[in-house]
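Visitor:
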Ligand code: SF4
Ligand code: SF4
């Protein structure tokens, strides 16, 4: 595998086709503050980050700069904090989803053109 990319050039771990992907604990929910209703949805009594276009709704796919920005970075859920760049879990994400951010950036560019 190539060298691990910078997270702003990657974003693979923020992508999933699952509706219930990033769990939001009570502490996560409180930390999200004013944005919590926009970013979190409930499935029964469990909370998850909302998914949009097969990625977390907090992820901004910026086709102009080709960057993938977590707009909730300072208040992101514990699950996201636990996934360290260059860890085994990170490499697992890259192995299974590396192409998805590139495809999302390309879709964004196509919409702009
Ligand atoms: S933690 Fe790994 S998979 Fe997630 S954005 Fe960073 S480099 Fe990509
Ligand atoms: S909260 Fe941020 S780091 Fe976590 S999945 Fe969403 S965009 Fe990615």
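Residue numbers (our numbering): 3 to 115.
C-beta atoms are modelled at their ideal positions from N, C-alpha and C, and glycine is treated no differently.
Can you tell which of 30, 47, 49 has its C-alpha closest to the C-alpha of residue 77?
Guide: The count along the chain shown starts at 1 and reaches residue 77 at position 75. Residue 30 is the option with its Cα nearest to residue 77.
Visitor: Quick one: residues in its chain with C-beta nearer than 7 angstroms to the C-beta of residue 81, no 5 flanking neighbours on either side, listed in chain order?
Guide: Counting from 1 along the chain shown, the entry for residue 81 is found at position 79. Excluding residues within five positions, the ones whose Cβ falls inside 7 angstroms are 24, 25.
Visitor: Let me check understanding here. Comparing Cα to Cα, which of 114, 105, 115, 93 lies closest to residue 15?
Guide: Stepping through the chain shown from its first residue, residue 15 is reached at position 13. Taking only the C-alpha atoms, the option nearest residue 15 is 93.
Visitor: Under a three-way DSSP split, which group does residue 49 fall into?
Guide: Indexing the chain shown from 1 puts residue 49 at position 47. Three-state DSSP puts residue 49 in a strand.
Visitor: Could you tell me whether the stretch 43–61 touches the stretch 84–100, using the rule of 3 or more Cβ pairs below 8 angstroms?
Guide: Contact fails: fewer than three Cβ-Cβ distances are below 8 angstroms.
Visitor: On a CA-only basis, which of 67, 113, 43 is nearest residue 60? Give me that one, please.
Guide: Locating residue 60 in the chain shown gives position 58, where the first residue counts as 1. The candidate whose alpha carbon is nearest that of residue 60 is 43.
Visitor: Beta-carbon within less than 7 angstroms of residue 33's beta-carbon, same chain only, minus the 5 sequence neighbours each way: which residues are those?
Guide: As a position in the chain shown, residue 33 is number 31, starting the count at 1. Closer than 7 angstroms at the Cβ level, and outside the excluded window around residue 33, lie 77.
Visitor: Assign residue 11 to one of three DSSP states: helix, strand, or coil.
Guide: The residue given as residue 11 occupies position 9 in the chain shown. Residue state, collapsed to three classes: helix.
Visitor: Let me check understanding here. Comparing Cα to Cα, which of 5, 40, 48, 6 lies closest to residue 73?
Guide: The residue given as residue 73 occupies position 71 in the chain shown. That would be 40, whose Cα lies nearest to the Cα of residue 73.
Visitor: Please indicate yes or no: does the CB of residue 92 lie closer than 6 angstroms to some heavy atom of ligand 1?
Guide: As a position in the chain shown, residue 92 is number 90, starting the count at 1. At least one heavy atom of ligand 1 is nearer than 6 angstroms to the Cβ of residue 92, so yes.
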